[in-house]
Amino acid sequence: MGDIRQSLLPRDVLSAAKELLYHLDIYICNLVQSGRQPPQVDSKTLDLVEEFILHSPKDRNIPARRMSALQELQLLEIMCSCFQEQSRDTVRQLMFSALFNLQGNQADESRMVLLGKLVSMAIAVGRIPILECAATWLQRTHCVYCVRLAQVLVDDYCSMVPGSVSTLHNIHSASPRFCCQFITAVTTLYDLTSEELTPPLELLQMIVSWIQSDPRLVLIAFLNTPLSGSQPISSLDVTPLGGLVRWCVKAPLVYRKDKKLAVANDSSESEPETGPLFSALHLSVLQVFMLLPNILNEKGLFGRLALLQIESLAALTSDLSRLLDQADKHTHTSSSDTHAASQLALDRLAQALQVAMASGALLCSREDLRSICSRLPHNNLLQLVLSGPVMYYNNMHTPPLAFSPHAAHSPIASHPTHPAHTPLATHPSSHPQYPAQPFVAGMQFPFRPSH
Amino acid sequence: MSAVFDGSPLKAMQTSHTHAPQIALSAQELSQEIKSFISGVDTVQGRKLNVREHARCAVRLLRSVPACRGAVLEHLRGVYDEHVSAFLHNLETEVDSSSGVSSNLEDIIQEVHGVLSEFIRLNPRAWAPLVSAWAVDLLGQLSSKHARVAPHSSSLNELLQLWMSCAATRSLMEAYSQCLAAMLAWCPDACVDALLDTSVQHSPHFDWVVAHIGSAFPGTIISRVLACGLKDFCSHGAKDQGLVVGVDKGSRVPKIGSVVGILGHLAGHHSDSIRKELLRMFQESLTPSSPLSPTPSSTSWESSPLLRRAAVPFLLQLAAMSPNLFGAVSAELVELLRPPVLLQLQGLLQGLPREELDNMLGLAVHLISQSPTGGARVLRFLADTATPASVIISGPTLSPHEGVREGCDRLLQTLLLHLHKLVFNRSDGVEGNPLNSASSQPQRTIPFLEELQSHVAELCAETLRLERKRHLWLHQLLCLLSVYGGPSVATETLCQLLTQARNPEELALAWQLHTTLSSSMAGLIPAAIARCVAQIHTHTLGPRQLRQLLLNLAAAIQSQDEERRGAAGAQSTMAVQVGSSVSGHLHDFVPLLLHGDPAVSHAAVRLLSCSPLPRTSSPAHLLLLSRVAVTHFFLVLRRRGEGGKVGRDGGQANEAVNCSVLLLSRFAAYSPLTLKAVLQQLVEGALHKGNTDLFGGQIVDTSGAPVPASTPSSDLGASLLDINCRFGTTVNFSGSVWSVFHAGVIGKGLKARTITQLPDPSGVIQNIQTLLSVIVQCCSSSGFNGSRPPSDPDEPAPINAEAAKVVAVTMVENVCPDVANGELSWPPEEHARTTVERDIHIRRCFEAHPVLFPLLQLVAAGRPALCYCSAVLRGLLATLLAHWEASREASSTDSPWHLQVSCLLVSCMGEGQLLPPVLANVHEAFPHLSPFEVRLLLLAVWEYVRGNGPMPQKFVFSSEKGLFCRDFSRDGDVARYVAPIHSVLHKNIDRLGHLCWRFQL
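As given, the protein sequences belong to chains A and B, one line each in that order.
Under UniProt numbering, the first residue of the first sequence is numbered 1, with each subsequent residue one higher.
Under UniProt numbering, the first residue of the second sequence is numbered 1, with each subsequent residue one higher.
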């Protein structure tokens, strides 16, 4: 493979890249057929890819050749058809990783740029094999780079080209796996800490509609992942659940701030209300949690795999308490709005905690939860969750439908209508200072489901 | 709840449809579209796409496939380029632009533009940086690629019009403007940076873009461009790159060059805002940073102390590179530099290293020397600030801080040094031939000096104020200016100094200037004098200045006289030069003697009296001079009479008279011609109607009688027509016996007696004395060469015979206009009755003009000139004879005037040697005799003169006396004329005994 370099050198940029792709295809086919395990692409080939496709400068004396945008488009087009025409998944995967797996060198920048364009184009022209490969890539790569890819796609389809969201919207039917990974990456990217990191409205609408139409979409990556322990370090979460919970919990406080800014700027643009979107999203997330016990039981992972990390929850609660403090400081105008928003955020947090713990997605003790939530202001529901007994299904044969009568009595359904219905009414809920969550001593509850 | 959820994606779809009017293409179609775009072939129909279709395809991809963005924009470059080519081609071949390729492409360009502007509008943050970079780059590429093809590349405006008439470039420009408008809100520096970079890359051809953008966003662009330039300047390091005087340095700091270029373009329309912006930058860099009150306009650079400190060097560098900008700022900058600002500036500059300060100093000096306007103000500012605070605050500004003063002092001195170098190194190449250098080599101009040339007068005035250091600086500057400007400026300067100096110290500055310049410039003083004369001619000088100029010149010439006595200094040659130049222009100064302002005429006479006379001069000039000088003489006499009472004026008048006398005598001594002219004028003037009162005389009418003062007005009414009508019918009796009616004119009654109001007798005497002294000086001077022997200096010089003759002849002509019987020899006494009228006229003349007697005496002293007065003497004697004959008084003393005249007449004739001493002594006896006896004696005189005619040829020159003398022994016997004398002596021996010895033969 390394000996073709001399023949590639005199070619023009595009035909050299084309020829290399051709040779790479043959080489990988041979590699797979040879049956060596695991199939490994050698470093010389990787160097050739970097030199002739990514055009990273090999030698300082020779200036790197660059493709024009038109040539690049042609190359992308060739790649698209190349992946499309390759029938064997293994070859395709190997080729994709030969091209785009990060090598930790200076070629990674152009690699990322090219990958972004390739995936963007694949979305546009519906090249499912590429999206599948990209989904795998997203599972294996460091989350920083995944986030970058997501950023490129969001920029391309949600902000740059108006009206192209529909194209992106279609990928959930084309490649649900990629769609799921994309949601994970996007929720990691937009953590609602600043204005730049707030998802565009189109994106939000799209994701909500995806999950609404098929809540299982969120779990597809998790379902398709063969081994739970093989996660590379600092890759994306297996599911976007953590990110989605974060969105739902923080949204009332963050978007309210935005709205206030908009009012101050006197912008008459009537943006669609994000509140209902997040409500729907929250509901969907809870529903996904409800799906989990069965799945986990099927996989035999119930109580052994935490889909919701306690660390991310800790970060979320500290963020939340900071946001609440800020909101508290700026309550001079609309204190009732602020109060309602913060209560909504706390309610959602409590609901998510409760359901996640009940469904086995969150594995932690109440002590841990209390310490995490100790900085948060008072909320009746949260108080209940932190102190009350937890109903969980230790019987794997209990059908999921049995959940519904319980749900009718659960505080989740009742909280919008009976906010004051609480045994701890001695604490006035309208107290502006939000007294810290009181810890009721002497109440010990089992937290770990006994299998 | 679910209803709400269902609605939202639908809404999203709807909004997306409004944005994209086209129906969303399926993935398959998009794939086809991409293939078509790449290959340029319609994949469905299999035919080649034309440019339009290809572009349409690109636009569709731009709308639907985000990944194709780069490729589409790249492809569109080609489309735009093609359109520009076609456009320019059409323009050249004059094809109607509505047909052909360009029109086809124009709509596609419209389409592209529409899409892009929609994108920018919808999402400026994402698209504006992208499109602006693309548009600027493409504009630069197009501009430089088609620069040679563009037909009218002459002026920026035409270029701008050309490009803006092309749809492609116009659309690019509009897109860029849109981006810029959007980006200014959040990243203004970035977009201006890009503009600057492109401007550098496509330097001259891209200018129209910058100009257009700049005029569209003047305020922001100017300040951004400046801020960018400052940052760049700062990051490049002012130490090693900037701050060095020179043109080539500009290329090493890339951005400052384009900053200058851009601002230069904008200066045409927005020079005001540029100036404001520059000045604002300057001011804000000075004001101490106050974090508490950030101004709304303050952007990034004001907050960084490093940038603030670099602002002043940056501005200097900017100014050094663009004369336009410098010109715009310099004028107001000087106004800004009030003491508090100066203090701040000093505080700012103190922090800089020494080397950098020196660089800045050099740069500032360079700038000043190159500034084409406002130099005078800058100079005044520098001088004001650098002048040490004195006890008397003279300048308008308060005395600044001492450090500031020293800084200014240093700046000023460096400036002078720099100018000195510039001035004297201008013509290095032709050192060997300094005379030709001015003409053969085009010399480098120094704008500062060029401009100051028109302020020479003010500079001179400033210099002459003699303020401490200031006049030294200014004087040095004047020297440089003179050397730089060549003879014309030097002349002007010298001329100004001569005009404006008010005392010897100030005048000395002029001489200092001259000594400095004399080595390099010849003929400076004559030129300066000529220029002064020109000023006099054009009446540009006021009386005070004129007077000052004349006095200064006089002082200059007089210094020459002093040097003759004392040690000869450097001024001697100069004084001589002044003298000779003034003498060359003597006739130009002469009319000033009669200037209406007494001070001026006084100054003029001072000058003329001390200036040497030219070696040669035309008679016309000489005559004019003599006429004017004499007129002036009488004028000053009158002034002395009028103003004599007041002390200072009197002194000045006396001095004026003295000067005038000196002038006349010197002038008379110049040549026989002038002597004659002067004497003639003097005598005529003394007898002139207007001057008679000076000498105690009265105005005499044609008949010789004193005229009443009122008659001239009635005479004015006489009509020429009347006189002409009467001409034929009347007989003109004038001059004959019959027209004389001394008691009056028939029909007009008895003649009114004139009331003679005698003027101040002492004044009259003084005037007569002055007149006589002038005439005597003239007559006795050495005008007639060689006639004066070396004699005792105590003894007054003898009266020159020729000069006396001139006086005599003039006198006769004036007193006795009727020349009938004008011969010198005398007729018998009886014939006198034929000339009665003339005789009476003569007598009246003498009556009216007492000054005639001294003159007569003077003539008598200049023997044999009295002979030429023969007719006058005769007429006078005849009237006296008639008077004494008719007189019935007991004693001659009863008619005192006649007695006096008789005595004077006889004594004059004796002095003039018309009579022998025996006869001449008879006047001594007159007062003691009766009128009849007087007549007898006078008759004896007449008889003698008749017998021995008053002929000049009877006189011979005696060399030992230096005089002409008459040898009476050659004439006939005197004895027979003495007989009546002896008879009278005998008759009155009782009273005349003591006189008998006087009449011994």
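Yeah, the Cβ is synthetic: ideal placement off N, Cα and C, and Gly gets one too.
Assigned exposure category for residue i - 16 Cβ within 10 Å defines buried
{"i": "B/VAL812", "result": "buried"}
{"i": "B/VAL136", "result": "buried"}
{"i": "A/LYS44", "result": "exposed"}
{"i": "B/THR493", "result": "buried"}
{"i": "B/CYS996", "result": "exposed"}
{"i": "B/SER235", "result": "exposed"}
{"i": "A/ASP266", "result": "Its pLDDT being 45, under 50, A/ASP266 is placed unreliably by the model, and the measurement read from it follows with that caveat. By the neighbour-count rule (16 or more Cβ atoms within 10 Å), A/ASP266 is not buried but exposed."}
{"i": "A/THR417", "result": "Legend: pLDDT at A/THR417 = 38, less than 50; position of this residue unreliable, value from coordinates given subsequently. So A/THR417 counts as exposed."}
Cβ of residue i within 8 Å of any chain B Cβ
{"i": "A/SER56", "result": "no"}
{"i": "residue 454 of chain A", "result": "Nothing about residue 454 of chain A can be read from this structure; chain A reaches only from 1 to 451."}
{"i": "A/ASP155", "result": "yes"}
{"i": "A/SER159", "result": "yes"}
{"i": "A/MET121", "result": "yes"}
{"i": "A/LEU99", "result": "no"}
{"i": "A/ALA135", "result": "no"}
{"i": "A/SER387", "result": "no"}
{"i": "A/CYS218", "result": "Per the sequence shown, the amino acid found at residue 218 of chain A is Val instead of Cys. Chain B contact via Cβ: absent."}
{"i": "A/VAL125", "result": "yes"}
{"i": "A/GLU72", "result": "yes"}
{"i": "A/THR398", "result": "Confidence in A/THR398 is poor, its pLDDT being 41 and thus under 50, which makes the residue's placement unreliable; the coordinate value appears in the next sentence. No, no contact with chain B."}
{"i": "A/LYS18", "result": "no"}
{"i": "A/GLU85", "result": "no"}
{"i": "A/PRO129", "result": "no"}
Coarse secondary structure for residue i, derived from DSSP in three states
{"i": "B/HIS585", "result": "coil"}
{"i": "B/ARG966", "result": "strand"}
{"i": "B/LYS689", "result": "helix"}
{"i": "B/HIS994", "result": "helix"}
{"i": "B/VAL956", "result": "strand"}
{"i": "A/TYR393", "result": "Unreliable placement is indicated for A/TYR393, whose pLDDT of 47 sits below 50; the coordinate value is still reported in the next sentence. Coil, per DSSP."}
{"i": "B/HIS849", "result": "coil"}
{"i": "A/SER235", "result": "strand"}
{"i": "A/LEU204", "result": "helix"}
{"i": "B/VAL41", "result": "strand"}
Chain A within 8 Å of residue i, Cβ atoms only
{"i": "B/LEU82", "result": "The identity of residue 82 of chain B in the sequence shown is Glu, whereas the question assumes Leu. Not one chain A Cβ lies under 8 Å of B/GLU82."}
{"i": "B/LEU243", "result": "Caution applies to B/LEU243, whose pLDDT of 40 falls short of 50 and renders its modelled position unreliable; the value that the coordinates give is listed next. No - not a single Cβ of chain A is within 8 Å of the one on B/LEU243."}
{"i": "B/GLY70", "result": "yes"}
{"i": "B/PRO129", "result": "no"}
{"i": "B/ALA67", "result": "yes"}
{"i": "B/ILE38", "result": "yes"}
{"i": "B/ARG60", "result": "no"}
Item to check | the stretch 77-84 of chain A contacting the stretch 29-36 of chain A, beta-carbon criterion three pairs below 8 Å | outcome: Of all C-beta pairs linking the stretch 77-84 of chain A to the stretch 29-36 of chain A, fewer than three are shorter than 8 Å, placing the two stretches out of contact.
Next on the checklist: Can you confirm whether the stretch 179-197 of chain B touches the stretch 211-218 of chain B when touching is taken to mean that 3 or more C-beta pairs between the two stretches lie within less than 8 Å?
Outcome noted: Judged by Cβ distances under 8 Å, the stretch 211-218 of chain B makes contact with the stretch 179-197 of chain B, as three or more pairs qualify.
Checklist entry - Counting pairs of Cβ atoms below 8 Å between the stretch 332-347 of chain B and the stretch 377-386 of chain B, do you hit three or more? => result Counting C-beta pairs closer than 8 Å gives three or more between the stretch 332-347 of chain B and the stretch 377-386 of chain B, which meets the contact rule.
Checklist entry - Contact between the stretch 351-367 of chain A and the stretch 240-250 of chain A: three or more CB pairs below 8 Å? => result Touching, yes.
Item to check | Meets three-Cβ-pair contact criterion under 8 Å: the stretch 102-117 of chain B and the stretch 182-192 of chain B | outcome: Contact fails: fewer than three Cβ-Cβ distances are below 8 Å.
Checklist entry - At a cut of 8 Å, does the stretch 169-188 of chain A reach the stretch 120-138 of chain A through at least three beta carbon pairs? => result Touching, yes, given that three or more Cβ pairs across the two stretches are closer than 8 Å.
Next on the checklist: Closer than 8 Å is the cut-off here; do at least three beta carbon pairs connect the stretch 120-136 of chain B with the stretch 39-48 of chain B?
Outcome noted: In the pairwise beta carbon analysis, the stretch 120-136 of chain B is classified as not touching the stretch 39-48 of chain B: fewer than three pairs are separated by under 8 Å.
Item to check | Validate contact between the stretch 541-551 of chain B and the stretch 513-524 of chain B using beta carbons, cut 8 Å, 3 pairs | outcome: Two segments are said to touch when three or more pairs of C-beta atoms, one from each, lie closer than 8 Å; by this definition the stretch 541-551 of chain B does not touch the stretch 513-524 of chain B.
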